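If you count by my numbering, then the sequence shown holds residues 1 to 263, one letter each, in order.
Beta carbons: idealized from backbone N, C-alpha and C, even for Gly.
Keep in mind that this is a model prediction, so the values were computed, not measured.
Step one of this worksheet: look at the structure below.
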Amino acid sequence: MVVVSSVDMAREVLKAHDLAFALRPKLLSLDIICYKCTDIAFSPYGEYWRQMRKVCVMELLTVKNVRSFSSIRRNETTRLVEFIRSSTCGELINITEQISWYESSITCKAAFGELLKDQDKFIQILRELVELAVGFSVADIFPSIKILHVLSGLRKRILKVHKNTGAIVEDVINEHKKNIASGKKGNAGTETSGTTVIWAMTEMMRNPSVLAKAQAEVRETFKGKETFDEDVIEELKYLKQVVKETLRLHLPLALLVPRECRE
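Next comes the structure, spelled out in structure tokens:
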């Protein structure tokens with residue numbers, strides 16, 4: 001395993017020789033969670049991956065499709081603001097926890113609509129899956145020693161959580177089939193992450209002058225408006241720069257997706 005930690009080497013691997021490092025290593029957790037790595041993030045580079053990317057760009061992440069979920073984002077934003085507003089009497093609030101659930105709730109509602117009966121349980125299971133997927137495993141460092149997966153107990157844990165996730169998703173799929181059969185319309189899905197929001201708030205609290213300038217811009221832009229309007233976000237030029245700087249300083253995940261050299 002090689003860790004690329006310098007800007008020059010990262011440019012060589014991710015830009016100059018991108019095709020040579022286009023494959024993903026087969027890790028136990030991802031092999032189980034992603035159904036033999038058939039998702040877009042970890043599937044092998046080739047025709048299948050190109051078709052998956054095409055579906056995402058042309059079907060899932062079009063401007064029209066993303067905007068169709070604006071009511072979900074608006075409702076969840078209002079709920080979050082109301083929760084914080086109702087807890088101003090000296091009560092401590094775990095902002096990280098609230099933002100995480102806020103983003104997860106948007107994801108679930110956009111992907112499943114109102115068909116997800118046990119949303120809180122599903123979100124908790126997804127968190128556990130992510131921890132297992134990105135966590136360190138000595139068995140992945142020495143993949144030829146199969147017994148390490150058994151000794152570590154990782155395989156058993158992943159299979160258990162994956163089974164619980166599959167059961168919930170299967171129920172949603174069955175509900176979609178019933179709705180289609182009865183002529184009802186369903187919803188597609190999108191994904192976002194609260195990690196960047198949390199880090200942006202953290203960095204602004206560390207830099208009061210930046211926080212004050214961002215707050216002033218938001219208050220001026222939304223002055224006189226009773227509800228949250230996504231179209232106005234385009235006017236928040238300074239806040240956009242804050243987000244970009246946050247992404248530069250803090251990746252949404254601890255590490256970039258690992259790559260494997262195919263040459």
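* Asked: Within this structure, are the beta carbons of Glu203 and Thr246 separated by less than 7 Å?
  -> yes
* Leaving out five residues on either side along the sequence, give the residues of the same chain with a beta carbon under 7 Å from the beta carbon of Leu236. => Glu217, Val218 and Thr221
* To do: Note down, in chain order, each residue of its chain lying with its Cβ closer than 8 Å to the Cβ of Thr227, except the 5 sequence neighbours on either side.
  => Arg74 and Thr78
* For the putative contact between Glu157 and Leu132, defined by C-beta atoms under 8 Å, what is the C-beta separation to the nearest angstrom? -> The amino acid occupying residue 157 in the given sequence is Arg; Glu does not appear at that position. Beta-carbon to beta-carbon, Arg157 and Leu132 are separated by about 6 Å, close enough to satisfy the 8 Å threshold.
* Asked: Since Phe21 and Arg259 are thought to touch, with beta carbons under 8 Å apart, how far apart are those beta carbons, to the nearest angstrom?
  -> The pair is a contact, with the Cβ atoms about 4 Å apart (cut-off 8 Å).
* To do: Specify the secondary structure class of Glu260 as computed by DSSP and reduced to three states.
  => strand
* Asked: Per DSSP, what kind of secondary structure is Leu236 in: helix, strand or coil?
  -> coil
* For Phe69, does the count of other Cβ atoms within 10 angstroms reach 16, so buried, or fall short, so exposed? -> buried
* How many angstroms separate the CA atom of Val66 from the CA atom of Lys146? -> 43 Å
* Where do the ends of the alpha helix (DSSP H) carrying Phe83 lie? -> Ser70 to Arg85
* To do: Reducing DSSP to helix, strand and coil, say where Leu154 ends up.
  => Here Leu154 sits in helix by DSSP.
* **CB contact flag (Asn174, Ile125, <7 Å)** => no
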